[in-house]
Amino acid sequence: GNLTNAHELRQKLFESGRRHVNTTSDSEILLNVLASELDRFPHYPLEADNIFTAVAAMHQQLRGAYACVAMIIGHGLLAFRDPNGIRPLVIGKRTLEDGRSEYMVASESVALDTLGFEFLRDVAPGEAVYITTKGQLFTRQCAENPKTNPCLFEYVYFARPDSFMDKISVYSARVRMGQKLGEKIASEWEDLDIDVVIPIPETSCDIALEIARILEKPYRQGFVKNRYVGRTFIMPGQQARRQSVR
-14 GNLTNAHELR
-4 QKLFESGRRH
6 VNTTSDSEIL
16 LNVLASELDR
26 FPHYPLEADN
36 IFTAVAAMHQ
46 QLRGAYACVA
56 MIIGHGLLAF
66 RDPNGIRPLV
76 IGKRTLEDGR
86 SEYMVASESV
96 ALDTLGFEFL
106 RDVAPGEAVY
116 ITTKGQLFTR
126 QCAENPKTNP
136 CLFEYVYFAR
146 PDSFMDKISV
156 YSARVRMGQK
166 LGEKIASEWE
176 DLDIDVVIPI
186 PETSCDIALE
196 IARILEKPYR
206 QGFVKNRYVG
216 RTFIMPGQQA
226 RRQSVR
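Quick note: the sequence shown uses my numbering, first residue -14, plus one each step.
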């Protein structure tokens, strides 16, 4: 995710608790905010109510998009989603041979499938999930006014096509995008001299296929993705980007 008030939080952490953030990562800032709230409960061990109270206080301070999973040593696994549901989070379950249950939290449902977990549900915006070291599951809504405002880019680019997020198939969403764009091109720019439809691999392939179907134009692979190069748009400079996309 991304915290839009990271600088403000960094200053607050130092002024109120003399917490020094070592990196520029807003994930470290989020970790320190959570730790600061957990410090309000000095007794051991922490109870689920204490942890949910800390998450609720954290939600009130953070601004931005985040879906997090944290290990609390000696206690269990904590996961939570921002009150606007901008970033996705799902929970799954699998039953062991001895009858015990295991739980898993991930950003995409496809991760559950890969490891043999059954999808249970999406973690709601503002909700927190706590799984103890003994496998007990606790959940609670920790935001005062949660809303569902998912990031469109999750469906356009970030997610795998075989994932489901907020009960929506990523593949189906991309096909619908292609359908809508194809219909718009056909109705508003019918005089365009289109020879072929070419996607920029790989996330736009499903969209381009649907556009080609609607426009009755050939679908072609005009660009080949270099799988040995990382994401060029996050490289530090334009020269490095140009070098990587040649």
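Idealized CB from N, CA, C, for every residue including glycine.
Beta-carbon within less than 8 Å of proline 235's beta-carbon, same chain only, minus the 5 sequence neighbours each way: which residues are those? With the chain covering -14 to 231 only, the question about residue 235 has no answer from this structure.
How long is the line joining the alpha carbons of serine 21 and glycine 111, rounded to whole angstroms? 19 Å
Note down the Cα distance separating asparagine 69 from cysteine 53, rounded to an integer number of angstroms. The alpha-carbon atoms of asparagine 69 and cysteine 53 are separated by roughly 14 Å.
Burial state of leucine 15, where buried means 16 or more other Cβ atoms lie within 10 Å: Looking at its Cβ environment, which holds 16 or more other Cβ atoms inside 10 Å, leucine 15 is buried.
Quick one, are the C-beta atoms of leucine 47 and methionine 56 less than 7 Å apart? no
If you follow the beta strand (DSSP E) that valine 114 is in, where does it begin and where does it stop? 112 to 117
Measure the CB-CB distance between tyrosine 88 and glycine -14 and report whether it falls below 7 Å. no
For the beta strand (DSSP E) holding methionine 56, just list the boundary residues, first then last. 52 to 57
Among Val181, His44 and Asn7, which has the Cα closest to the Cα of asparagine 130? His44
Straight-line gap, glutamine 161 to aspartate 191 (C-alpha atoms, nearest Å): The question names glutamine, yet the displayed sequence has arginine at residue 161. Cα to Cα, arginine 161 sits roughly 9 Å from aspartate 191.
The beta strand (DSSP E) enclosing isoleucine 76, as first and last residue numbers: 75 to 80
Write down the C-beta distance between lysine 202 and valine 230 rounded to the nearest angstrom, noting that I regard them as a contact closer than 8 Å. No, lysine 202 and valine 230 are not in contact; Cβ-Cβ is about 25 Å, not under 8 Å.
Would you say arginine 3 and asparagine 17 are within 7 Å of each other, going by their C-beta atoms? Against a cut-off of 7 Å, the Cβ pair of asparagine 17 and arginine 3 comes out as no contact.
3 or more residues per run - each beta strand (DSSP E) lying fully within the stretch 121 to 198: 122 to 126
For the alpha helix (DSSP H) that contains leucine 15, what are its first and last residues? 11 to 23
Label arginine 72 either buried or exposed according to how many other C-beta atoms from any shown protein chain fall within 10 Å of its C-beta, with 16 as the threshold for buried. A residue is called buried once 16 or more other Cβ atoms fall within 10 Å of its Cβ, and arginine 72 is buried on that count.
Please classify glycine 84 as buried or exposed, where buried requires at least 16 other C-beta atoms within 10 Å of its C-beta. If you draw a 10 Å sphere on the C-beta of glycine 84, you find fewer than 16 other C-beta atoms in it, and that means exposed.
Is it buried or exposed, proline 184, if we count other Cβ atoms within 10 angstroms and call 16 or more buried? buried
With a threshold of 7 Å on Cβ separation, who are the neighbours of glutamate 139 within its own chain once the five nearest residues in sequence on each side are excluded? Pro73 and Met150
In the DSSP assignment, find the unbroken beta strand (DSSP E) run with alanine 234 in it and report its ends. The shown model of the chain, from -14 to 231, leaves out residue 234, and the question about it has no answer.
By DSSP, does glycine 2 sit in helix, in strand, or in coil? Of the three classes helix, strand and coil, the one that applies to glycine 2 here is helix, per DSSP.
Asparagine -13, DSSP secondary structure in three states: strand
So, are the CB atoms of arginine 226 and methionine 220 less than 7 Å apart? yes
Tell me the DSSP secondary structure of leucine 105 in three-state form. In the structure shown, leucine 105 falls within a strand segment according to DSSP collapsed to helix, strand and coil.
Considering only C-alpha positions, which residue in the set Ile76, Ile36, Val95 and Gln(-4) is nearest to serine 154? Val95
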